[in-house]
Structures are given as structure tokens and as C-alpha cells.
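Inspection log for the structure reproduced underneath, given as C-alpha cells.
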Ligand SMILES: [Mg+2]
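Structure follows, in C-alpha cells:
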């Protein structure tokens, strides 16, 4: 089917390049053009790599103890994660992107979709404008992929980053069919959004090895052998938008629990109750998908459509001392955030909790040095909580205010200053 | 209409929600580009002639196009400095505001990275009495 150009949707996927490393480089020129890795909480394993480190063959998630020798040989600089900084830079980047269009879907700490609208006439130029606005305002490099569907936009973004000729912006809608087919044929099927490692192996066994192969596959056949999700991926690869973000199967990179209040909430206690509910929902989902979070983001806002009311909106990203799925620890972080954000005198309309920097449980990242007894106890408690709630309903057990949990000290040996979130850690200019 | 917005149990309308006047907000004055504005700390004495003192906090805007005369945060020899940017004929100069400190000349073929433009310098006169 050939859509008239005016009808083609233009979905952009903007993704920060080596996001955590880039955040560090904004405030530390010494790190530019040097090999840099950022390690997960507790300095467990690599969660971000500069291009120089990627070129050395270091894989995502590689444990630090296995990297030590290589690091010494090549002068790799290893930084502890600084989620306070990354969270703030992420918020700034997302807010800037929101200025291009309110149709924004934040997908992870450094990725978001923008719906540029059907038949967007100068999408490629807009992509470059987005890129330079982010570079100028916050100093972060981003790649921009533009296409008719989210799945294609993800691939376009992949191409934008891999092929220098596109200078960071690749618009599939503007390519001719031959060029697009060649590109898709050069991309491994496992790179396609929503295709997991296991599915990719099974697809390859069926001689579906590239994104182009998958695009040309028989949807209903794949639906029978895989699932409806695979059929939708095929449709998406053919330019038919049908894959809503929630339908994508890989573990979500952020979990959000948020809602608008039926009636405005004025007090800190009122917000506390709502936020504890959000923590309960979000951490339940976190455990369900077998992940743990490295940071928690909390936001509040008044009703911006009630212009006659005083307006306030604020958010804060709180790094967690360790990767965790522990509701008590998450609730403590959220309460600390609330105390920092809450201002009296406003009619709060919406609040929410977002769990960020998610990692899958089995990877064993970050807990190399953590106290195993504390960890086991916490895991057992969470399982009990989930079981009871499953049996007696989600509200069977709630947290009673702030619990005095075990004091978990974060071990972050080489964390950079929290340049943008702490007055006593500001970057320094010599006069 | 006002009554509906008041929380249950509150006996009188809060003056904070009086529509006739919204209190002044320092952020409004100091910050033009919210997302692009960062705070920096000054170390050193080379800019005292422009009211920038050791320990001051700078409000730095990255979204502003730097022009000759602006005070900027720039990268020199791998570190950050705060200086006044001057374009003299075809050459960029980073000028101090103190007689003891020489100008920094930038070679025409050398690239100068301007990190941001300094909009304000905040100088503390009295330390706060509560934490
Ligand atoms: Mg990224």
C-alpha cells in the first residue's frame, strides 16, 4: 500500500548517546575523548560505555572485576553511577523535547518518542534542530530516528548512530525504497525492538536473519509460531502503526505509577498517602517483571488548566543506595523526595512515582559487596507481601509511615559531584 | 467558587491563594531558560573588578549566544575558567577583571569551547542562621 506523503506519520525516537558518560563529560572536559565507563550502583558492572570503550570490545553489563586488567592497559576511567546528575539532565532533556511537541512519550531515562504529526514536511531538518537544541542547552549528544512507526523509528535511530554519514539524524520516510531495504537488510533481526534473544535465535533458524527478512515475513504464520506481538512487529516494520508501547514485551525500562487526583490535595499527609500507593503499585510491578531499580523519580504538579490558581510543578530523581525492589526502601526514598518538593499553599492535581535505571534480577549487578543476609531478608519479606496481597487484595498490607529499615550504605567509590542537585557540589570555574 | 477549592475543615481562605497578587519569585528574575541554566561556584580573585568574587554562585545560561563583552564559562587547558569574552580584530581574548591577571589570548587556529554565558553572580553577605 502506498500512502500519500501527506498521510505518513512521523514518529521520532530521540536517544541520548552513551547517556551517563555524556552527562559526566558535560562537567568534566578531562573525560572527553578518553575511554570512560560508568558502573552500576555499588560499582558492580558497566552500565554505560563511551565509544572508545565500546571499541575495546567491552560489553554492556560486564562486571567490573573482569575489566580491571583491560582498564589498566588502556587507561579506562571508571566512574560510579551518579543518578542524581543523570536524572536531572534527563529531566532537562525531556523538557526541551517537549517544547517541540506535547505529543511526547518518555520511554526511558534517555529515550523518548515524539509524534511530529502526519506529513511533517521538513522532518529531517527538524531532527537536526532537535539535536542542536539539546547539544546547546544541556551539552548532550543525541541520535534522532524518524519513521512511520515506533518500531521503524527505533531502527532509524540505530542507523543514525551507527552510520556517520547520517550525522545523527536518520529519517526513513525520506529515503528511497532501495536505500531503506539495503539498510534493513544490514540490521540483525535481534536488534529489532521487541525481539528478544530467544525469539531472535528461533527466527534465525527459520532463515529470518535481518530486519528486512522479518519485514517480508508472513505475519499470521509468525503469530502462530511466536505470538501476536511478533505479528504486530511485522506490521510495524511495514509502516502500519499498531504497537502501543505497553504491548512491547521486553522488561520495561521504567515503571510509572501516577494519576490525577479526583479532588485537589493540599496537605503533605494527603500526598504521602497517594505516593505510598504509587510506590506499592510500581514496586509490585517491578518485582513481577523480575527487575530492580537504581533510582526513583517523584513528581507533583498543580492543575495547569486552572490558570487562576497559583501553579507549581516539580520533580526530583533520587538515586537508591543499591539496586532494589524493596518497597520499604523505595517508600523511604519517595518520602524524602516529597519532603524536598512539597510546598504548602498549592492545590495539587497530579503526582507520580517512576522507577528508573532498571536492571534484571538475575544479572547480579551491583550486589557484589552488598550484605547477603539483609538482601535475603528483604527478598523474603517482599515475597510474603506479594503473596498476602495476592490472596487478600492489593490493599491488605500497607506501609505504616516511615520504617526504620536497615541502614544500607551505598558504596560508590568514584562518584562525580552531584553538580546540579547539591549546592555544595556545584561545578567550579576558576577566576 | 473559592470555597470549593478550600480543603475540608479549613476555616478561612489562605492568603497564598489570593488571586490578586502572586509573590515575587527569584527564579523568575534569575532564570530565562530553565532547562539550559546551571549554577557554578567561583574560585579565585581574577574577576573582582566585575563583581565576581571567590565563593560566589554564578547563574550560567547555555542557551544564550555568546558575544563579545559577555562574561562566560570557558574551557582552557582542560579546566573551566570564568572570564570576559572579547573579540579583538580576528582574535578571541579571555579577559580578567583584576590588574594582577593577564589576558588569555586564543590562537586563531585554536578552538575555544564556551560552556555558557554568565547571567548573574550571587554574592553572599550574611550566612544563614538555621540549617
Ligand atoms: Mg541511549
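Chains as they are written, first to last, in this note's numbering: chain E, 506 to 936; chain C, 68 to 198.
Every residue gets a Cβ at the ideal spot worked out from N, C-alpha and C, and that includes glycine.
Item	Value
Using the Cα positions of residue 689/E and residue 669/E, report the straight-line distance between them to the nearest angstrom.	17 angstroms
Per DSSP, residue 864/E is paired with what?	797/E
For residue 717/E, is the classification buried or exposed, using 16 other Cβ atoms within 10 angstroms of its Cβ as the cut-off for buried?	buried
Exposed or buried, what is residue 928/E when buried is set at 16 or more other beta-carbons lying within 10 Å of its beta-carbon?	exposed
Would you mind sorting residue 166/C into buried or exposed? The rule is 16 or more other CB atoms within 10 Å of its CB.	exposed
Is the CB of residue 923/E under 7 angstroms away from at least one CB in chain C?	no
Do the segment 680-689 of chain E and the segment 701-711 of chain E make contact, defined as three or more Cβ pairs closer than 8 angstroms?	no
Could I get the ranges of all uninterrupted beta strand (DSSP E) runs contained in the segment 836-862 of chain E, with 3 residues as the minimum, in chain order?	853-861
May I ask which residues mark the beginning and end of the alpha helix (DSSP H) holding residue 573/E?	569-579
Where does the unbroken alpha helix (DSSP H) through residue 110/C begin, and where does it stop?	Looking at the DSSP string, residue 110/C is not in any alpha helix (DSSP H); the run it does join, the beta strand (DSSP E), is 104-110.
Please state if the CB of residue 936/E and the CB of residue 114/C are separated by a distance shorter than 7 angstroms.	yes
When the cut-off is 7 angstroms and only beta carbons count, does residue 126/C lie next to chain E?	no
Nearest-angstrom Cα distance between residue 153/C and residue 921/E?	32 angstroms
According to the Cβ coordinates, are residue 534/E and residue 184/C closer than 7 angstroms?	no
Return yes when at least one heavy atom of ligand 1 lies under 6 angstroms from the C-beta of residue 615/E, else no.	yes
Taking CB distances under 7 angstroms as the criterion, tell me whether residue 172/C reaches chain E.	no
Please tell me whether residue 830/E and residue 792/E are closer than 7 angstroms, where the distance is taken between their beta carbons.	yes
Flag residue 524/E as yes when its Cβ comes closer than 6 angstroms to any non-hydrogen atom of ligand 1, and as no otherwise.	yes
Assign residue 620/E to one of three DSSP states: helix, strand, or coil.	strand
Check whether the segment 121-128 of chain C and the segment 97-105 of chain C are in contact - that is, three or more C-beta pairs closer than 8 angstroms.	yes
How would you label residue 828/E, buried or exposed, when you count the other beta carbons within 10 angstroms and need 16 or more for buried?	buried
Looking only at DSSP bridge pairs, what is residue 613/E linked to?	616/E
Give a single yes or no on whether residue 144/C has its beta carbon closer than 6 angstroms to a heavy atom of ligand 1.	no
Per the DSSP calculation, residue 158/C is bridged to which residue(s)?	155/C
Would you identify the three-state DSSP class for residue 869/E, choosing helix, strand or coil?	Any reading at residue 869/E is ruled out, since the residue's pLDDT is 43, under 50, leaving its predicted position unreliable.
Can you tell me whether DSSP reads residue 172/C as helix, strand or coil?	strand
For residue 535/E, would you say it is in contact with chain C, using Cβ-to-Cβ distances shorter than 7 angstroms as the test?	yes
Candidates 764/E, 699/E and 665/E: which alpha carbon is nearest residue 739/E's?	699/E
What is the residue span of the alpha helix (DSSP H) that residue 726/E lies within?	724-730
For a test of the three-state rule: what should DSSP assign to residue 922/E, helix, strand or coil?	coil
Within a Cβ cutoff of 7 angstroms, which residues of the same chain sit near residue 930/E, ignoring the five residues on either side of it in sequence?	922, 923 and 924
With distance defined between alpha-carbon atoms, name the residue in 614/E, 764/E, 855/E and 861/E nearest to residue 825/E.	861/E
Rounded to the nearest angstrom, what separates residue 177/C and residue 139/C at their Cα positions?	17 angstroms
Would you mind sorting residue 577/E into buried or exposed? The rule is 16 or more other CB atoms within 10 Å of its CB.	exposed
How is the alpha helix (DSSP H) around residue 592/E delimited, first residue to last?	588-603
Relative to the alpha-carbon of residue 618/E, which residue among 691/E, 787/E, 541/E and 651/E has its alpha-carbon at the smallest distance?	651/E
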